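Student: Take a look at the following structure, please.
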Amino acid sequence: MPESQRASSQTEGHNDPVETLPQLPGPHRPRSSKARYFGHLTDVILVLVAIGFIVFSLIVLTSDNRPMTEGSQEKTLLLAASYGPTIFPIIFAAIVGRTLKSLATWDLQRGTTIGRVEQFLGSNTIVGSIVTQFELRTYGPIALSIIALWALSPLGSQATLRIAYVETRAVESQHEITLMNHDSAYLVGEGLSGTQSVLSKSLFSSSLVSTKVRSGLTQDTWGGLRIPMIEAFDNHSSGDWIDLSANPSAPVFSSLVGMQYSPASPPGMTAFTVNTSYLSLDCPVFTQYPRDQNLGYIKTNFSDPQTAPALQNKENYWYSSSVTDVTGQSAVPNGFQIAVSACLGGCAALSPGDTRKPREARRVVWESISESGTDHIDCSLHTTYVDVNYTCPTPSDCHATGVRLSASQPQPSIFATKYNKEAAELNDPWNARNFTRLDRTILRNIDGTDAEILIQLLAGYFPLQGSSDTNPIIGYLVSPNESYTPPVPYFWPGMASLGRKTFETRLAQILNTQFIVGIDPQVSLGVEAVGSPDQHFNLLSTTATTTVEKKFFVCNKVWFSAVFIISTIVLMVAAAGAILRRLTVVPDVLGTLSVTTLDNRCERLAKSGSMLGGLERARYLKAVSIKLGDVEPSLPVGRIALAAPLCDVTVDNVESWREYE
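In my numbering, the protein residues as written are 990 to 1650.
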């Protein structure tokens, strides 16, 4: 600097006012400072926080696999875990940084090296711990331990976040379901009340109207479960399960009205299997008589043994009924005639000496008129036993998902089992298949009354008002979705045009529907629950499995271990820091600029290197011994100062009972 500028600078400095220095406290003992008590309080708080993380991890572990409910403790734990990445690194840095500083002060009190003090002080952050070791060129175990300790901070942050999570699980519960057994007595044949008869007819008519709306749906209008007709599938005789959900077309059901059941399915996915049965037809005889221009139509007289179709057993005979007009006159040209075979005095061999043949399948004959002539279709009536899988996401949304021919042996004929066990063994399952629900009434229906009433009701449901009227039952057989609206006036198309399989299916649906609505119409309508007192029909019981998706609180054991171990280490570090501060007597001066105003005995170290940075200077001086202690031990009042190197000066330890300036 030029002499003129240096003189000017000295002059200006001389003219500045003299700065007044503050008065520092007088002599006192080391542990009388209020700051020291505040430090101890901070240590206690940090120890408690570290314990809190351990307690948190243990609570999470004990709450493992508990269901999540509104306002539950588990929701609070999840909320607390979400704050882990924010809170944990702050607490970790506060504890570790504070403890390393305490370790440096305690080490300085005992006498150490400049490098060791700088190593502890510079490692108060994750980055600082790495940079400090690199700058000081210290690569020993202490350096690695410090870096490893700080590496626990991000790991612990992630561990507190990932220690718990919510898992959705399928929880299964089982309960009994009771269903109306369609293999029950036909109570219409036993004499229902007038109200029930009206309900029965209304239920049948409504089912025809709702055909289009409910087409392909498992449940009927009133929630009953319909039974898939297994004959609609080509491979039905194999006995294997047929997956209805994988079938491209909607399933064909055996009736328009289904099985009512109770109790209703609870919330969740409910699945159950029902072993049940339905009436099925086999119609090998499809005959169409040309229309006689003189007679108008041909009508079979089933009362005349000469004209009625022959029956296998001589004891069997025919019942027939025709659609009539409002005057009660036969109206076959617009309607139909249906006949069913019956037996008298028993339909199978009753004893080993009985020469009668085993039960003959009931015969059903259908006759109706078309423009082409008279359709005469001769069928045998059977019982098909099936197992059906149902799945119900909700009580009002059930689906038949699978069907197979029943794997269990069908129940044999009551006649065979009751009177002739040997005949039952010989005739089953053929005999049982020929034994239909029309034979299983309260009165055992030995005279065929139920079959007669069933066809009488069918023929009499819709009396014709005039010559141009049509019958909805014929309409259903021809076109199920247009049962009340014929495609052409007066005559429906001939039944022969439908094909055998279609006709068998639709007429069986009509017969099954009429039988079901006659069991107990109030139950079929859902007005009365299944299993109520004074119900005379048979019941089916099955075990249903309800699967509900529930949310569970889950503790991740790996991350729990990480939180527990790291929190335990943090607690040990916090406790060590508190102990070190308790053992430290010298004032806490490290890490502050005011330490430069403290008396020191380091004159030899200040003679050169004024342009070196802090860590760079420390690297050169890292092996120099240094101590913070009493440099005036012989005086009544001691003086605390930094002394380095220790070979140049005498430094005593600071005592808690002695006063210092």
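Just so it is clear, CB atoms sit at the ideal spot from N, CA and C, and this is done for glycine as well.
Owing to the predicted nature of the structure, the values given are computational and were not obtained by experimental measurement.
Rounded to a whole number of angstroms, what is the C-alpha to C-alpha distance between V1312 and S1199?
Tutor: Counting from 1 along the sequence shown, the entry for residue 1312 is found at position 323. Counting from 1 along the sequence shown, the entry for residue 1199 is found at position 210. Cα-Cα distance, rounded: 23 Å.
Student: In the DSSP output, what is I1327 paired with across the bridge?
Tutor: Mapped onto the sequence shown, residue 1327 falls at position 338. Paired residue(s): S1310, W1355.
Student: Whole angstroms are fine: how far does the CA of S1142 sit from the CA of D1637?
Tutor: Position 648 of the sequence shown, counted from the start, is the residue given in the question as residue 1637. Position 153 of the sequence shown, counted from the start, is the residue given in the question as residue 1142. Roughly 42 Å separates the two Cα atoms.
Student: In whole angstroms, give me the CA-to-CA distance for I1048 and E1107.
Tutor: Within the sequence shown, residue 1048 is the residue found at index 59, counting from 1. Within the sequence shown, residue 1107 is the residue found at index 118, counting from 1. Their Cα atoms are separated by approximately 40 Å.
Student: Buried or exposed: which applies to R1126, given that a residue is buried once 16 or more other Cβ atoms fall within 10 Å of its Cβ?
Tutor: Against the sequence shown, residue 1126 aligns to sequence position 137. Its Cβ having fewer than 16 others within 10 Å, R1126 is exposed.
Student: How many angstroms separate the CA atom of T962 from the CA atom of T1259?
Tutor: This structure cannot settle anything about residue 962, because the visible part of the chain is limited to 990 through 1650.
Student: Give the DSSP-derived three-state secondary structure of P1382 in the structure shown.
Tutor: If you number the sequence shown from 1, residue 1382 lands on position 393. Strand, per DSSP.
Student: Where does T1581 sit, in a helix, a strand or coil, going by DSSP?
Tutor: Counted from its first residue, the sequence shown places residue 1581 at position 592. T1581: coil per DSSP, three-state reduction.
Student: Classify G1015: buried if its beta carbon has 16 or more other beta carbons within 10 angstroms, exposed otherwise.
Tutor: Locating residue 1015 in the sequence shown gives position 26, counting from the first residue. The residue in question, G1015, is exposed, as its Cβ has fewer than 16 Cβ neighbours within 10 Å.
Student: Would the beta-carbon of T1363 fall within 8 Å of that of Y1278?
Tutor: Along the sequence shown, read from residue 1 onward, the residue named residue 1363 stands at position 374. Along the sequence shown, read from residue 1 onward, the residue named residue 1278 stands at position 289. A contact, by the Cβ cut-off of 8 Å.
Student: Can you give the beta carbon distance from R1352 to D1367, rounded, assuming they're within the 8 Å contact cut?
Tutor: Here the question's residue 1352 lines up with position 363 in the sequence shown. Here the question's residue 1367 lines up with position 378 in the sequence shown. About 7 Å separates the two Cβ atoms, so the contact holds.
Student: Can you say whether V1392 is buried or exposed, counting buried as having 16 or more other CB atoms within 10 angstroms of its CB?
Tutor: Along the sequence shown, read from residue 1 onward, the residue named residue 1392 stands at position 403. Buried is the call here.
Student: Judging by CA-CA distance, which residue of I1131, V1354, G1205, V1038 is the nearest neighbour of M1484?
Tutor: As a working mapping, residue 1484 is identified with position 495 in the sequence shown. If we check each option's Cα against that of M1484, V1354 comes out closest.
Student: Taking the alpha carbon of I1040 as the reference point, which residue from S1112, G1086, G1520, M1561 has its own alpha carbon closest?
Tutor: For this step, residue 1040 is matched to residue 51 along the sequence shown. Looking at the Cα atoms, M1561 is the closest of the given residues.
Student: Taking the CB atoms as reference points, tell me whether L1635 and G1104 lie closer together than 8 Å.
Tutor: Counting from one through the sequence shown, the residue named residue 1635 turns up at place 646. Counting from one through the sequence shown, the residue named residue 1104 turns up at place 115. Cβ distance not < 8 Å, so L1635 and G1104 don't count as in contact.
Student: Does the beta carbon of I1103 fall short of 7 Å from some heavy atom of the ligand NAD?
Tutor: Summarising the ligand content, the structure contains no ligands, and the ligand NAD is consequently not present.
Student: Pick helix, strand or coil for S998, following the three-state DSSP scheme.
Tutor: For the purposes of this step, residue 998 is identified with residue 9 of the sequence shown, where counting begins at 1. Bear in mind that a pLDDT of 47 at S998, under 50, signals an unreliable position, so the number given afterwards is only what the model happens to contain. Three-state DSSP puts S998 in a helix.
Student: Is the beta carbon of A1070 sitting closer than 8 Å to the one on L1150?
Tutor: Along the sequence shown, one-based indexing puts residue 1070 at 81. Along the sequence shown, one-based indexing puts residue 1150 at 161. The answer is yes: Cβ separation under 8 Å.
Student: Does the segment 1219-1231 come into contact with the segment 1502-1511, if we say contact requires no fewer than three beta-carbon pairs (one atom in each stretch) closer than 8 Å?
Tutor: Because the criterion of three Cβ pairs below 8 Å is not met, the segment 1219-1231 and the segment 1502-1511 do not touch.
Student: Please report how far the alpha carbon of F1027 lies from the alpha carbon of G1257, in whole angstroms.
Tutor: By one-based count along the sequence shown, residue 1027 stands at place 38. By one-based count along the sequence shown, residue 1257 stands at place 268. Each residue's Cα considered, the two are about 59 Å apart.
Student: Please report the distance separating the alpha-carbon of T1531 from that of T1289.
Tutor: Translated into the one-based positions of the sequence shown, residue 1531 becomes position 542. Translated into the one-based positions of the sequence shown, residue 1289 becomes position 300. Straight-line Cα distance between these residues: approximately 46 Å.
Student: Taking the alpha carbon of L1496 as the reference point, which residue from L1268, R1215, A1563 has its own alpha carbon closest?
Tutor: Looking up residue 1496 in the sequence shown gives position 507. Measuring from the Cα of L1496, the nearest candidate turns out to be L1268.
Student: Decide if D1236 is buried, meaning its Cβ has at least 16 other Cβ atoms within 10 Å, or exposed.
Tutor: Numbered from its first residue, the sequence shown carries residue 1236 at position 247. Note on residue identity: the sequence assigns Asn, not Asp, to residue 1236. Exposed is the call here.
Student: Mind checking who L1168 pairs with in its DSSP beta bridge?
Tutor: If you number the sequence shown from 1, residue 1168 lands on position 179. Y1250, L1529.
Student: Under a three-way DSSP split, which group does Q1277 fall into?
Tutor: Within the sequence shown, numbered from 1, the residue matching residue 1277 stands at position 288. Note: Q1277 maps to strand in three-state DSSP.
Student: Could you pull the DSSP bridge partners for L1631 from this structure?
Tutor: Numbered from 1 along the sequence shown, position 642 holds the residue referred to as residue 1631. DSSP lists N1589, L1617 as partners of L1631.
Student: Less than 8 Å between C-beta atoms, sequence neighbours within five positions excluded: which residues of the same chain meet that for N1470?
Tutor: For the purposes of this step, residue 1470 is taken as the residue at position 481 of the sequence shown. Counting only Cβ-Cβ distances below 8 Å, and skipping sequence neighbours, we find T1200, K1201, S1204.
Student: My assumption, with CB atoms under 8 Å, is that A1239 sits in contact with F1526. Please give the rounded CB distance.
Tutor: Taking the sequence shown and counting its residues from 1, the one referred to as residue 1239 is at position 250. Taking the sequence shown and counting its residues from 1, the one referred to as residue 1526 is at position 537. Actually they do not touch by this definition, with Cβ atoms about 29 Å apart.
Student: Where DSSP assigns a beta bridge to L1500, which residues make up the other side?
Tutor: Taking the first residue of the sequence shown as 1, we reach residue 1500 at position 511. Paired residue(s): none; L1500 is not in a bridge.
Student: Just verifying my parser: in three-state terms, what is the DSSP assignment at L1572?
Tutor: In the sequence shown, residue 1572 corresponds to position 583, counting from 1. L1572: helix per DSSP, three-state reduction.
Student: Report yes if the CB atom of R1606 is closer than 8 Å to the CB atom of D1619, and no otherwise.
Tutor: Along the sequence shown, one-based indexing puts residue 1606 at 617. Along the sequence shown, one-based indexing puts residue 1619 at 630. In this structure, D1619 does not lie closer than 8 Å to R1606 by Cβ.
Student: Assign W1548 to buried or exposed, taking buried as 16 or more other Cβ atoms, counted over all protein chains shown, within 10 Å of its Cβ.
Tutor: Here residue 1548 corresponds to residue number 559 of the sequence shown, with the count starting at 1. With 16 or more other Cβ atoms within 10 Å, it is buried.
Student: Given this structure, state the Cα-to-Cα distance separating T1088 from P1019, to the nearest angstrom.
Tutor: Residue mapping note: residue 1088 aligns to position 99 of the sequence shown, counting from 1. Residue mapping note: residue 1019 aligns to position 30 of the sequence shown, counting from 1. Looking at the two C-alpha atoms, the distance is approximately 20 Å.
Student: Please identify the residue among A1567, Q1454, V1640, G1488 whose C-alpha is closest to the C-alpha of P1273.
Tutor: Locating residue 1273 in the sequence shown gives position 284, counting from the first residue. Among A1567, Q1454, V1640, G1488, the Cα nearest to that of P1273 belongs to G1488.
Student: How would you label L1233, buried or exposed, when you count the other beta carbons within 10 angstroms and need 16 or more for buried?
Tutor: Within the sequence shown, residue 1233 is the residue found at index 244, counting from 1. By the 10 Å Cβ count, L1233 comes out buried.
Student: For R1215, does the count of other Cβ atoms within 10 angstroms reach 16, so buried, or fall short, so exposed?
Tutor: Here residue 1215 refers to the residue found at position 226 of the sequence shown. Buried, since its Cβ has 16 or more Cβ neighbours within 10 Å.
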